[in-house]
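Chains as they are written, first to last, in our numbering: chain L, 8 to 217; chain G, 8 to 217. For glycine and all other residues, C-beta sits at the position ideal for the given N, C-alpha and C. Note that the structure is predicted; figures quoted are calculated from it, not measured. Some notes on the structure that comes next.
Number of protein chains: 2
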Amino acid sequence: MKLFTYFRSTSSYRVRLALAYKQIPYNSNYVNLRTGEQNLEYKKINPFGLVPALATESGLISQSLAIVEYIEKMHPTPPLFFKDPFQQSQAMAIALAISCDIHPLNNLKVLNYLTNILKISDAEKTNWYHHWIHEGFQPIEQILQQTSGDFCIDDNISVADICLIPQVYNAHRFKVDMSTYPIITKINQKVLSLEWAKEASPEEQSDASF
Amino acid sequence: MKLFTYFRSTSSYRVRLALAYKQIPYNSNYVNLRTGEQNLEYKKINPFGLVPALATESGLISQSLAIVEYIEKMHPTPPLFFKDPFQQSQAMAIALAISCDIHPLNNLKVLNYLTNILKISDAEKTNWYHHWIHEGFQPIEQILQQTSGDFCIDDNISVADICLIPQVYNAHRFKVDMSTYPIITKINQKVLSLEWAKEASPEEQSDASF
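Put into structure tokens, the structure is as follows:
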């Protein structure tokens, strides 16, 4: 399998974490979002022009959570999904709150629109960014009080953690005050201490440049 | 089961379609997003302050796609998910492209932020709205050329259609030019002609007010 990825893309980071957790070998194909490679040849492969995308024997899969679901079915062990439908719904709700309510508002193409079309200032952009992180992290922190153990749902790594860790990475990158999120912070530290998680980090990617 | 819903919420509409397709009885609990009910008592039940949410015997489930996945497991027939992992990934990619790449940019709280905080004009807001619909619908239309039959994936209703129909409803509401999306338009008409889909439509809800 071949993963189209960019080191700083948080949705690519989700898939890298899933592949690393399950120890599935893959090749990386780097798409540089900063230089706009996603809008050139790559768009013929993936009409969405987004990373990640996974090239499989059956064809291309786009959208990080569609990829994670596919990986889960093809390589069910160790699991990232719960067998119990309610527990799975709680993990998926956290994964989707991050993927639908936080990340899309703060990704590169939206920030570019705000800057280039709506001409907002750097300060307004920072406020926008921080606003949507807090809007998402506040209820997630509250929910984790009920659901978490070592990880988002009890002591099991799940799709929720796979989405949380990249979002925390981005929050740190944009200097978001994380002091009111002790549980999120604790889970993030715990996951990042695990060997497989290190392989997936932005810093460890061959296309990383800071 | 009790569904917290608002007639015009496209993510509530997704869940209503899923429940109607599977003919699962439920009670509706209306949360008026226009008057801000989601930020009052309701927030004690659902910290995200969003609809839809499904109250089950096990507890509350938020996020429309987490709810649809739960419903699919509890009531697998008729199916909204495919057994074949690759086909399911194609359906889920379309569902997520709508849920993550279009809808979050155009929902009420984001439009309110653009208007109230960033003080953009009505014309700029309309452009913003249309821009993200086209950004999402263009690649979806292209992908549907390969995947669609009567519905998004072959001739089977799936989670992709459940997400597409509400997004088309919203596109019409905001007067988006749909002339370059013949396949999306055809699928939308086909689904809306089915009796169960009518039950789920915004117009048919008890809290509808236009």
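Helix, strand or coil, according to DSSP, for residue i in the structure here?
i	result
TYR188 (chain L)	coil
LEU151 (chain L)	helix
ILE160 (chain L)	strand
ARG180 (chain G)	helix
HIS138 (chain G)	helix
PRO85 (chain G)	coil
ALA102 (chain L)	helix
ILE124 (chain L)	coil
LEU80 (chain G)	In the sequence on display, residue 80 (chain G) carries Lys and not Leu. Note: LYS80 (chain G) maps to helix in three-state DSSP.
ARG23 (chain G)	helix
LEU57 (chain G)	coil
ASP129 (chain L)	helix
ASN113 (chain G)	coil
GLY43 (chain G)	coil
LEU199 (chain G)	helix
PHE217 (chain G)	coil
SER165 (chain L)	coil
LYS223 (chain G)	Residue 223 (chain G) falls outside the range modelled here, since chain G spans only 8 to 217, and no answer is possible.
SER96 (chain G)	helix
GLN174 (chain G)	helix
GLN145 (chain G)	helix
SER18 (chain L)	helix
LYS29 (chain G)	coil
GLU2 (chain L)	Outside the shown range of chain L (8 to 217) lies residue 2 (chain L), about which nothing can therefore be said.
GLU48 (chain L)	coil
List the residues that DSSP assigns as beta-bridge partners of residue i.
i	result
ASN34 (chain G)	G:LYS9
LEU67 (chain G)	G:ALA62
Report the rounded CA-to-CA distance for residue i versus residue j, giving the unit in angstroms.
i	j	result
ILE164 (chain L)	SER186 (chain G)	45 Å
ALA27 (chain L)	GLY66 (chain L)	21 Å
TYR33 (chain G)	ALA60 (chain G)	12 Å
GLN45 (chain L)	ALA167 (chain G)	24 Å
THR42 (chain L)	ALA204 (chain G)	44 Å
LYS80 (chain G)	PHE89 (chain L)	12 Å
ILE190 (chain G)	TYR188 (chain L)	45 Å
GLN97 (chain L)	ILE160 (chain L)	8 Å
ILE68 (chain G)	ILE74 (chain G)	6 Å
GLU211 (chain L)	PRO173 (chain L)	14 Å
LEU24 (chain L)	GLN94 (chain L)	21 Å
TRP139 (chain L)	ILE109 (chain L)	6 Å
LYS50 (chain L)	VAL183 (chain L)	33 Å
ASP129 (chain G)	ASN123 (chain L)	18 Å
LEU121 (chain G)	LEU121 (chain L)	10 Å
HIS137 (chain L)	LEU112 (chain G)	16 Å
PHE181 (chain G)	PRO92 (chain G)	35 Å
LEU125 (chain G)	ILE127 (chain L)	8 Å
GLU131 (chain G)	VAL117 (chain G)	13 Å
ASN134 (chain G)	PHE217 (chain L)	34 Å
GLN152 (chain G)	GLU64 (chain L)	20 Å
GLU76 (chain L)	ILE52 (chain L)	21 Å
CB-CB under 8 Å to residue i, same chain, minus the five flanking residues each way: which ones, in chain order?
i	result
PRO209 (chain G)	PHE14, ARG15, TYR20, TYR176, ALA215
LEU40 (chain G)	TYR13, ARG15, SER16, VAL58, LEU115
LYS29 (chain G)	ILE78, HIS82, THR84, PRO85, LEU87
GLN149 (chain G)	none
LYS197 (chain G)	ASP157, PHE158
LEU199 (chain L)	ILE172, LYS205, SER208
ALA178 (chain G)	ILE140, PHE144, MET185
Between which residues of its own chain and residue i is the CB-CB distance below 7 Å, once the five residues before and five after are set aside?
i	result
LEU72 (chain L)	ALA102, SER106
ILE147 (chain G)	ILE101, ALA104, ILE191
With a CB to CB cut of under 6 Å and the five nearest residues on each side skipped, what residues in its chain are close to residue i?
i	result
LYS9 (chain L)	ASN34, ASN36, ALA62
ASP240 (chain L)	What is shown of chain L runs 8 to 217, which leaves residue 240 (chain L) out entirely.
GLY56 (chain G)	GLN45, ASN46, LYS50
GLN145 (chain G)	none
VAL38 (chain L)	PHE11, TYR13, GLU44, GLN45, TYR49, VAL58
ALA207 (chain L)	ARG23, LEU24, ALA27
THR154 (chain L)	GLN97, ILE160
When every heavy atom of the ligand SAH is checked, does at least one fall within less than 8 Å of the C-beta of residue i?
i	result
SER208 (chain L)	By its list of ligands, the structure shown contains no ligand whatsoever, and the ligand SAH lies outside what it can speak to.
Pull out every residue of the segment 141 to 155 of chain G whose Cβ sits closer than 7 Å to any Cβ of chain L, in chain order.
PRO146, GLN149, ILE150
Using a Cβ-Cβ cut-off of less than 9 Å, give me the residues of the segment 80 to 94 of chain G that come near chain L, in sequence order.
LYS80, MET81, ASP91, PRO92, PHE93, GLN94
Taking a Cβ distance cut-off of 7 Å, strictly less, list which residues of the segment 97 to 112 of chain G are near chain L, in chain order.
MET99, ALA100, LEU103, ALA104, SER106, CYS107, ASP108, PRO111, LEU112
Given a limit of 9 Å on CB to CB distance, which residues of the segment 115 to 135 of chain L reach chain G?
LYS116, VAL117, TYR120, LEU121, ILE124, LEU125, ILE127, GLU131, ASN134, TRP135
Tell me which residues of the segment 44 to 57 of chain G have at least one Cβ-Cβ distance to chain L shorter than 9 Å, keeping chain order.
LYS50, ASN53, PRO54, PHE55, GLY56, LEU57
What are the residues in the segment 167 to 182 of chain L lying within 8 Å of chain G by C-beta distance?
none
Members of the segment 23 to 39 of chain G that neighbour chain L once the beta carbon cut-off is set at 9 Å:
none
Can you list, in chain order, the residues of the segment 195 to 216 of chain L whose Cβ is nearer than 8 Å to any Cβ on chain G?
none
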